[in-house]
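Have a look at the structure below, then the notes.
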Amino acid sequence: MKNVTLLQMEHPRPKLFDFHGVSMTNHYTDNWDNVQNFKARPDDIVIATYPKAGTTWVSYILDLLYFGQMSPERQTSIPIHERVPFLEINNPSLSTGIDLAEKLPTSPRLIKTHLPVQLVPKSFWQQNCRIVYVARNAKDNVVSYFHFGHMSMLQPEPGDWSSFLQRFMEGKMVFGPWYDHVTGWWEKKQTHSKIHYMFYEDLTEDTGREIDRLCSFLGLSPSAEEKETVIRGVQFDNMKKNKMTNYSTVPTMDLKVSPFMRKGKVGDWKNHFTVAQSEQFDEDYKKKMKNPTLYFRTEV
Ligand code: A3P
């Protein structure tokens, strides 16, 4: 029999269900009225992603760009999930994302969401907030999601790799199909100038260049020294060591099963997909991803 840890007993795995046409679990729908009625402010900045696309990385980049010069205590005592609240989450062990967002003392407020574009609370559009969307190639994204499924008790039981991959292709994942998520946001960006769409692969290739692009979108002009400090702070190894960014303070994650800062690479999918799985995935991908302007790199 499988060893069941105390953490697993305390947090029975949630079940997926259909919610407005998207697979969800109760942790992201329990607080739905408050999420939908959230009052955005014009200077709020939203970080939107499909889970495991580099949300924490970009959250920390933005946090350091805006607030890196604030008191050193902030850097050593406030974990990233409190600095950048996860809007729709209702984690039974922590404050809700809405509570954290409403209590944020900073301006601008940095707010994270995994919602597909059609479910984003309307006041973010009404207030014309800036939105940074981060996307990651599907193959690395599903691998990262698989490991996360094992270490996060808020995720449904992930099962084995091949069944997880099959369900990813069917869109039976929390926050729905990756394909619809990245495409929906991409299409929204074509008509909405306040969306900055970025790719995990580009960030890996040249973090400094991507920070420059972000700054130009946000209207920020950090000094060369400030920029260097941000680049250093957000390096994978530094974020992995940093208790404020490695999620070691979150009680529903078991870092012994898999660290949150796991590999941080482009191309780790090659260590997981068999040749047959990769071929089947690519065939199916072509059928689902019809927009030729949205292109992902699976290696850098
Ligand atoms: P891996 O599981 O492939 O390592 P999210 O924050 O959206 O949940 O994404 C988590 C993924 O981003 C994990 O991917 C994690 O290691 C990676 N990541 C986080 N910070 C990173 C960084 N500074 N550099 C590269 N990858 C990073």
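For the sequence shown, numbering that gives the first Met the number 0 begins at 0 and goes up steadily by one.
From the three backbone atoms N, C-alpha and C, an ideal C-beta is built for every residue, glycine too.
V249 places its beta carbon 8 Å or farther from that of Y59. Annotation for L109: the continuous beta strand (DSSP E) segment containing it runs L109 to T112. Per DSSP, the continuous alpha helix (DSSP H) segment holding M238 begins and ends at F235 to K240.
With contact defined as three or more Cβ pairs closer than 8 Å, the stretch 158–170 and the stretch 271–290 are in contact. Contact between the stretch 51–68 and the stretch 221–232 is established, with three or more Cβ pairs separated by less than 8 Å. Contact between H26 and N90 holds: CB atoms are separated by about 6 Å, below the 8 Å threshold.
A distance below 7 Å between beta-carbons, with the five flanking residues on each side excluded, links V142 to the following residues of its chain, in chain order: D267, W268 and H271. Remark: C-beta atoms of A47 and T112 approach each other more closely than 8 Å.
Judged by the Cβ position, P50 qualifies as a neighbour of the ligand A3P at the 7 Å threshold, a heavy atom of the ligand being closer than this. Under the three-state reduction of DSSP, V133 is assigned to strand. Taking C-beta atoms as the reference points, R82 and L109 count as a pair closer than 8 Å. DSSP, read as helix, strand or coil, puts Y65 in helix.
In this model, W177 and K171 are separated by some 10 Å (Cα to Cα). Put simply, of L153, N127, S70 and A134 the residue whose alpha carbon is nearest the alpha carbon of M197 is A134.
Within 7 Å of the C-beta of T112 there is not a single heavy atom belonging to the ligand A3P. Between the ligand A3P and K262, a heavy atom-to-CB distance of less than 7 Å is present. Within the stretch 213–263, the complete alpha helix (DSSP H) segments at least 4 residues long are 223–232 and 235–240, listed from N- to C-terminus. T54 has its CB nearer than 7 Å to a heavy atom of the ligand A3P. V233 has its Cβ nearer than 7 Å to a heavy atom of the ligand A3P. In this structure, the beta-carbon distance from G183 to Q117 falls below 8 Å. When distances are taken from the beta-carbon of V142 to the heavy atoms of the ligand A3P, the shortest one is below 7 Å. Rounded to whole angstroms, the gap between the alpha carbons of Q276 and P258 is 25 Å.
H146 has its Cβ nearer than 7 Å to a heavy atom of the ligand A3P. By the C-beta density criterion, Q68 is exposed, having fewer than 16 other C-beta atoms within 10 angstroms.
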